[in-house]
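K.L.:
There are 2 protein chains.
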Amino acid sequence: MTHYDKLETHFRKLSRLAHLDAICGWDQAAMMPKGGNQARGEAMAELAVLMHELATAPQLGEWFASAAGEPLSADQQTSLRAMERRWRQATVLPARLVEAKSLAASKCEHAWREQRKNNDWQGFAPNLREVVSLAREEAAVRAESSGLSTYDALLDLYEPGMICAQLDLLFQQVKTWLPDMIRAVEEKQGSRTYLTPEGPFPVERQKQLGLEAMKLLGFDFDHGRLDVSSHPFCGGVPTDVRITTRYDEADFMTALLGVIHETGHARYEQNLPVQWAGLPVGEARSMGVHESQSLFFEMQLARSGEFTQQLAPLAARILGREDDPAFSVDNIASFNTRMKRGYIRVDADEVTYPAHVILRYEIERALIQGDIEVSDIPELWDQKMQSYLGLSTKDNYRNGCMQDIHWTGGAFGYFPSYTLGAMYAAQLFATAERSINGLRDKIQRGDLSELFAWLKTNIWQKASTLSTDELIRAATGKALNPAYFQRHLAARYLA
Amino acid sequence: MTHYDKLETHFRKLSRLAHLDAICGWDQAAMMPKGGNQARGEAMAELAVLMHELATAPQLGEWFASAAGEPLSADQQTSLRAMERRWRQATVLPARLVEAKSLAASKCEHAWREQRKNNDWQGFAPNLREVVSLAREEAAVRAESSGLSTYDALLDLYEPGMICAQLDLLFQQVKTWLPDMIRAVEEKQGSRTYLTPEGPFPVERQKQLGLEAMKLLGFDFDHGRLDVSSHPFCGGVPTDVRITTRYDEADFMTALLGVIHETGHARYEQNLPVQWAGLPVGEARSMGVHESQSLFFEMQLARSGEFTQQLAPLAARILGREDDPAFSVDNIASFNTRMKRGYIRVDADEVTYPAHVILRYEIERALIQGDIEVSDIPELWDQKMQSYLGLSTKDNYRNGCMQDIHWTGGAFGYFPSYTLGAMYAAQLFATAERSINGLRDKIQRGDLSELFAWLKTNIWQKASTLSTDELIRAATGKALNPAYFQRHLAARYLA
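Going down the list, the sequences are from chains A and B. Quick note: to get my numbering, add 45 to the position in the first sequence (first position is 1). Quick note: to get my numbering, add 45 to the position in the second sequence (first position is 1).
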C-alpha cells in the first residue's frame, strides 16, 4: 500500500466517524427530547476526541512527506493537497489553544443568550474580549504556518484562497453603488402596494408545500429528508442529506423560502462526486460556494418572476387559497422582492444584506488585526449602520453588535461567505442564462432539468477538485465580478 | 486513580460510543431514506470496530487483576464483576471466529429473506448448517472459558445464570399442563362471540392513541419518543428511549398493544439507576427480565379486564367510535384475550406462545449439543408442533422452521427469554397484587402510581446489581415458579 493509499484509507475512516457525528447532531437538533441532551453532549464530545485523534495522528506527517514523492495522477495530487490542507488545519493549533477557545466560546455564547435579551453590552464585552484575544492568537498561529496575514488565515478556513486584498476590492465596488441602489429601490417600492398572505396556514399543509417545492427543485428523497428544528440547517451526509425548517402558522413564505434555500445546499451535497466520497477533495468547495447554491435556489430562482409562475399557484393549491388575491403570481412576486432597511442581518432582503456583511467584515478584520478593540465596536457599528443603511444603533446593542452568534462562538472570517455566495450565484445564473436556450421560459414552465444539469456539471460534481477561483472561472469564463450581482439587483428591483 | 476507577472510566467511554451506535441504529430503522443505507452501514461498522477495540483493550486484563486486590465497596465489587463479565464475553472469541460468524449470519439472513418466501428449505439448509457449525464452535469456546456446558454458555449471553437443568424443570412443568389448558381454553372460547373492530383507523389517530396510552403508562416524553419502523423495537439510550411501532389502518389493536409492550421496555430503561449510568452494572438485568417488563405492561396489565376499563373508552374516544359496540369494555376484553393455535410464534397469544418457545428451545439445544443435525429440524419441528399445538408443518418450512430470524443470525439461546419473561411477569404481578391494597380497583381507575413505584423499586432501580435469581427472590420472596404463570392463564382464560 502506498502512503497515498494509506492516507485515503485514513481520511475515509475519519469521514465515517463524521457521518455518525452528522446524524447524531441532526438528531440532537431535530428529534431528541430535551432530557437527552446531557448524555448526547457527552457522547458527541467523546466522538469529537476520537475524530481529533485521527485528524492529528502522529504518523500522518511522515505519510504526507512520503506520498509527495510517489507517482500520483493529477487527481491524486489534488486529493493529496486537500488532505494535507485539512491535516495542517487540524494540527497547527496547540491543544491548549483549542481548549481555551472552546471554553471561552461556550462561556460567551451561554451568557450572550440572556445578555442579548437584556441589551447588556457591559456584561457581554469582557467575554467577547476573551474570545477575540484567543481568535487573535489563533490567527497569529495560522498566519505563521500558512504565510498569510492574520485575518486572511481565518478567512481561509471558510473561503480557501480568498484574501482581504481581493475582498476589499470586491466590497469597495459594492459600496460605490449599494447605498444609491437602496435609496432607488426604496423610492420605487414606496408607491407599490402588495397584499400580505394572511394565515393561519396549518403546519401539515406547509410541510406538504415544502415537500412539493423540494420535488420541483429535484431534491432526491431516497437520499434525504425534511424535518423541523428551531434553527433551520442542512446537515447529514451526501448520501443522506437532512434539511430542516420551522413553521409559523401566520407566515408560510418564510418556511417555504427557507426550505428552498436549504434545498440548494442539499442538492450540492447530494450531487458531490461519488468517486471522491469520504475524502476532503470530494467535499463542497467552501462556505461561499455552498451559500452560492442555496442563494441560487432561493434568490436567483425562487424569488424570480419566472419561478413565481410555478410557486404561487402551487402554494395557492396546497394551502387552499386559489381565490385569494394575495396568492396571485404578481402579488407573490412583489411580496418576495420587497426591500426594507432593517437592523437584523438574518431578516434582511437580498438588496440590503451585503451592507450588513460588509459592516461586519470591516469591523472583524480590524479587530483581528488589532486596529480596534472590543470597546470600539458599538460606535463603529453605529457609524457604519448610519452610513450604509441610514439607521442608528446607538445604545441598541441587542439589535446592533450583539445580534449575531458568529463572534460569540469565535467564527471570525465567516461573514464574507454570505455575500461572496450571493455574488457567485448571480454570476453563475447569468452564465447559465447565456448557456441555456430560453432559460427564463423554461423556468416559467417549471422545466428546470437543463439548469440543474448545468449546475451539476459546473459546480456540484467539481467538489473541491478546483480552487474557488478556478471553479468560478471554469464555470463562467471569468473571475468573480460583482457587476453580475449589481446587474441582477438592478434588473429585479429597478427595471 | 485506582484500577477500578480506570475501568469505570474505560467502560463509560465505551457506553458513550454505544450511545452513538444506538441513535444511528434507531435512525437507520426509523428515519433513514433507503439510499443512505450503504454509507450508514460502513459508518456503523467503523464504530463497531472502535467499540470492539475498546472492549478488548489489552490493558484491561491487568486492570481487572489489580482492581481485584483494591479495597472496594460492595457496590463496586458488584460493578467490577459486571465489567469483567462483559470483558470476558468480548475477548473470549478469537477474531477469526467473530468474523466468520458475522459473514455466515449475514449470508444466511440475506438469502433467507427470499428463501422463506419460496419455502426453499433445500437452499436454506446449507447456509444454516454453516451458522450452526460456527455457533457450536462459539459454544465450545465459551463453555471452555466459563465452565458451563455448551448450550448453557450461549444461554448465559441472554439470561445470565440460567442453565438447561433449571430450564428443563421449568419447561417440563409447563408441558404437564399447557396442552390441556390450550384445549380447555379452546373449548371455553368456542361458544364465545366477539366483534372485531372494523377499520379504517387513520394513522394519525392511531398515533395519538398510542401516545395517550404511553402517557397513561408513565412514559417520560422528556426522555424518549415514539416513531415508526417496519419492525417495532425499543432502542436509544436510558436518557432518550426510542420506541417504534407500525400502523395498519385496518387494525389499530396490534399497533396499540405493540406500543404498550415497548412502553414496558422503555420504562425499565428510563428508570435504570442514574448513579450507575454508563456501566454494565447499571444496565437492564437480562433479556428475560427485559421481556418481563414488556409483558407485564402488555399481558398482565393492558389485556386485563381492569385496564380495559381505561383502554377501551380511550380508544373509542380517540378513534371516534364511542357508539361502536366493538369498542365496549367487554368486547375489547374478549378481543384481547382470544386464543388461537397457529404456526407463527410472533402472532401467538399468551397461552399458546410458550409452546412455540419450548419447541425452539428443545431443538436448538439438541442442535448445539450435536444430538441432531440441521437436516433433522423439519421432522422434529413437525413432530413437536403436532404434539404441543396439534398442527402439522410437514413441507411447510416457511411457516415452520424458517419463520424466525434468530437462528439465521446465529442467536441460539435467545428463545427461552420470551417465556422466562412471561413467567417473571406473572410472578411479579401476583406479588404486586399482594403488596398493593386494592390493586385491581386502582388499575380499573387508571391509578397506576403505586404499581409503577413497586416496579421501579423492585426491578428498574436494581439494574444488574443482583443476579436474576436474586432479583426475583428479592422482589417476590420466592425463586421463579411457573405456577404463577399457570394461575394467571387459568384465571384469565378459564375462570
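Every residue gets a Cβ at the ideal spot worked out from N, C-alpha and C, and that includes glycine. Predicted model only: the values in this text are computed from it and were never measured.
How about A:L105 and A:L62: do their beta carbons lie closer than 8 Å?
P.N.:
Position 60 of the first sequence, counting from 1, holds the residue named residue 105 of chain A. Position 17 of the first sequence, counting from 1, holds the residue named residue 62 of chain A. Against a cut-off of 8 Å, the Cβ pair of A:L62 and A:L105 comes out as no contact.
K.L.:
Within a Cβ cutoff of 6 Å, which residues of the same chain sit near A:K501, ignoring the five residues on either side of it in sequence?
P.N.:
Residue numbering aside, residue 501 of chain A sits at position 456 when the first sequence is read from its first letter. Same-chain partners within the cutoff: N316.
K.L.:
B:D449 lies in the alpha helix (DSSP H); which residues open and close that run?
P.N.:
Numbered from its first residue, the second sequence carries residue 449 of chain B at position 404. Unbroken run through B:D449: none, as it is neither H nor E.
K.L.:
With 8 Å as the threshold, decide whether the Cβ of A:G70 is near any Cβ in chain B.
P.N.:
Taking the first sequence and counting its residues from 1, one reaches residue 70 of chain A at position 25. No, no contact with chain B.
K.L.:
For A:T476, would you say it is in contact with chain B, using Cβ-to-Cβ distances shorter than 8 Å as the test?
P.N.:
Taking the first residue of the first sequence as position 1, residue 476 of chain A is located at position 431. No, its Cβ sits nowhere closer than 8 Å to a Cβ of chain B.
K.L.:
With 8 Å as the limit, tell me which residues of the region 91-123 of chain B have their beta carbon closer than that to any beta carbon of chain A; keep them in chain order.
P.N.:
E91, L92, L95
K.L.:
Using 8 Å as the threshold, is the C-beta distance between A:E336 and A:Y463 below it?
P.N.:
The residue labelled residue 336 of chain A in the question sits at position 291 within the first sequence. The residue labelled residue 463 of chain A in the question sits at position 418 within the first sequence. In contact: A:E336 and A:Y463 (Cβ atoms closer than 8 Å).
K.L.:
With 16 as the cutoff for other CB atoms within 10 Å, does B:N381 come out buried or exposed?
P.N.:
The count along the second sequence starts at 1 and reaches residue 381 of chain B at position 336. Looking at its Cβ environment, which holds 16 or more other Cβ atoms inside 10 Å, B:N381 is buried.
K.L.:
Name, in chain order, the residues that DSSP records as bridge partners for A:I403.
P.N.:
Taking the first residue of the first sequence as position 1, residue 403 of chain A is located at position 358. Residue pairing by DSSP places A:I403 opposite no residue, since no beta bridge is assigned to it.
K.L.:
Per DSSP, what kind of secondary structure is A:G387 in: helix, strand or coil?
P.N.:
Reading the first sequence from its first residue, position 342 is the one you call residue 387 of chain A. In this structure, A:G387 counts as coil in the three-state DSSP scheme.
K.L.:
Give me the Cα-Cα distance between B:A67 and A:N82, rounded to the nearest whole angstrom.
P.N.:
Position 22 of the second sequence, counting from 1, holds the residue named residue 67 of chain B. Position 37 of the first sequence, counting from 1, holds the residue named residue 82 of chain A. Each residue's alpha carbon lies about 15 Å from the other.
K.L.:
Using the three-state DSSP reduction, which class does A:I288 fall into: helix, strand or coil?
P.N.:
As a position in the first sequence, residue 288 of chain A is number 243, starting the count at 1. DSSP, reduced to helix, strand and coil, places A:I288 within a strand of the structure shown.
K.L.:
Buried or exposed: B:N441, going by 16 or more other Cβ atoms within 10 Å of its Cβ?
P.N.:
As a working mapping, residue 441 of chain B is identified with position 396 in the second sequence. That one is buried.
K.L.:
Under 8 Å: do the region 194-204 of chain A and the region 455-472 of chain A share three or more Cβ pairs, one atom per stretch?
P.N.:
Yes: the two stretches touch, three or more of their Cβ pairs being nearer than 8 Å.
K.L.:
Leaving aside the five residues before and after B:Y529 along the sequence, list all residues of the same chain whose C-beta is less than 6 Å from its C-beta, in chain order.
P.N.:
Here residue 529 of chain B refers to the residue found at position 484 of the second sequence. These residues qualify, in order along the chain: A471, Q472, A475.
K.L.:
Spatial neighbours of B:Y196 within its chain, please: C-beta separation below 8 Å, excluding the five flanking residues on both sides.
P.N.:
Mapped onto the second sequence, residue 196 of chain B falls at position 151. Closer than 8 Å at Cβ, skipping near neighbours: A184, C209, E409, R410, I413, Q414, F457, G458.
K.L.:
DSSP state of A:L138, grouped into three classes?
P.N.:
In the first sequence, residue 138 of chain A corresponds to position 93, counting from 1. Looking at A:L138 - three-state DSSP - the assignment turns out to be coil, as it is neither helix nor strand.
K.L.:
Secondary structure at A:V396, three-state DSSP: helix, strand or coil?
P.N.:
The residue labelled residue 396 of chain A in the question sits at position 351 within the first sequence. Collapsing the DSSP output to three states places A:V396 in coil.
K.L.:
Give me whichever residues DSSP pairs with B:T279 in a beta bridge.
P.N.:
For this step, residue 279 of chain B is matched to residue 234 along the second sequence. First, the residue type needs correcting, since residue 279 of chain B is Cys and not Thr in the sequence shown. B:C279 is bridged to B:I288.
K.L.:
For A:T576, count neighbouring Cβ atoms within 10 angstroms of its own Cβ and tell me buried if that reaches 16, exposed if not.
P.N.:
Beyond the ends of chain A as shown, which are 46 and 540, falls residue 576 of chain A; an answer cannot be given.
K.L.:
Taking only beta-carbon positions, decide if A:D197 is within less than 8 Å of chain B.
P.N.:
Position 152 of the first sequence, counted from the first residue, corresponds to residue 197 of chain A. Not one chain B Cβ lies under 8 Å of A:D197.
K.L.:
Run the CB neighbour count on B:L539, radius 10 Å, all protein chains shown included, and call it buried at 16 or more, exposed below.
P.N.:
Taking the second sequence and counting its residues from 1, one reaches residue 539 of chain B at position 494. By the 10 Å Cβ count, B:L539 comes out exposed.
K.L.:
For B:S275 and B:A113, I'd like the C-alpha separation in whole angstroms.
P.N.:
Here the question's residue 275 of chain B lines up with position 230 in the second sequence. Here the question's residue 113 of chain B lines up with position 68 in the second sequence. B:S275 and B:A113: Cα-Cα distance of roughly 46 Å.
K.L.:
In the DSSP output, which residue or residues are listed as bridge partners for A:D293?
P.N.:
The residue given as residue 293 of chain A occupies position 248 in the first sequence. A:D293 is bridged to A:D296.
K.L.:
Rounded to the nearest angstrom, how far is the Cβ of B:P283 from that of B:E314, given a contact under 8 Å?
P.N.:
In the second sequence, residue 283 of chain B corresponds to position 238, counting from 1. In the second sequence, residue 314 of chain B corresponds to position 269, counting from 1. Sure, about 5 Å apart at Cβ, within 8 Å.
K.L.:
So, is B:P370 buried or exposed, given that buried needs 16 or more other C-beta atoms within 10 angstroms?
P.N.:
Residue mapping note: residue 370 of chain B aligns to position 325 of the second sequence, counting from 1. Label assigned to B:P370: exposed.
K.L.:
Verify whether the separation of the beta carbon atoms of A:G323 and A:S60 is less than 8 Å.
P.N.:
Locating residue 323 of chain A in the first sequence gives position 278, where the first residue counts as 1. Locating residue 60 of chain A in the first sequence gives position 15, where the first residue counts as 1. Cβ distance < 8 Å, so A:G323 and A:S60 count as in contact.
K.L.:
Contact check, A:E144 vs A:G454 under 8 Å by CB: the rounded distance?
P.N.:
Walking along the first sequence from the start, residue 144 of chain A turns up at place 99. Walking along the first sequence from the start, residue 454 of chain A turns up at place 409. Contact flag wrong, Cβ pair sits at about 15 Å.
K.L.:
Kindly indicate which residue of B:T101, B:V273, B:Q121 has the alpha-carbon position closest to the one of B:W321.
P.N.:
Reading the second sequence from its first residue, position 276 is the one you call residue 321 of chain B. Nearest option by C-alpha distance: B:Q121.
K.L.:
Is it true that the CB of A:R383 sits closer than 8 Å to the CB of A:D368?
P.N.:
Mapped onto the first sequence, residue 368 of chain A falls at position 323. Mapped onto the first sequence, residue 383 of chain A falls at position 338. No.
K.L.:
Measuring straight from C-alpha to C-alpha, what distance separates A:A135 and B:T289?
P.N.:
Mapped onto the first sequence, residue 135 of chain A falls at position 90. Mapped onto the second sequence, residue 289 of chain B falls at position 244. Distance between the alpha carbons of A:A135 and B:T289 is about 40 Å.
K.L.:
Quick one: using the 10 Å Cβ neighbour count with 16 as the cut-off for buried, is A:G244 buried or exposed?
P.N.:
As a working mapping, residue 244 of chain A is identified with position 199 in the first sequence. With fewer than 16 other Cβ atoms within 10 Å, it is exposed.
K.L.:
Whose CA, out of A:D296, A:D285, A:L117, lies closest to the CA of A:T47?
P.N.:
In the first sequence, residue 47 of chain A corresponds to position 2, counting from 1. If we check each option's Cα against that of A:T47, A:L117 comes out closest.
K.L.:
Name the chain B residues that come within less than 9 Å of A:K252, Cβ to Cβ?
P.N.:
Working through the first sequence from its first residue, we reach residue 252 of chain A at position 207. Within chain B, no residue comes near A:K252; the closest Cβ sits about 13 Å away, beyond 9 Å.
K.L.:
Measure the alpha-carbon distance for A:V219 versus A:A535 and round it to whole angstroms.
P.N.:
Locating residue 219 of chain A in the first sequence gives position 174, where the first residue counts as 1. Locating residue 535 of chain A in the first sequence gives position 490, where the first residue counts as 1. In a straight line, the C-alpha of A:V219 is about 13 Å away from that of A:A535.
K.L.:
Cα separation between B:E39 and B:E204?
P.N.:
The displayed coordinates of chain B run from 46 to 540. Any statement about residue 39 of chain B would go beyond what the structure contains.
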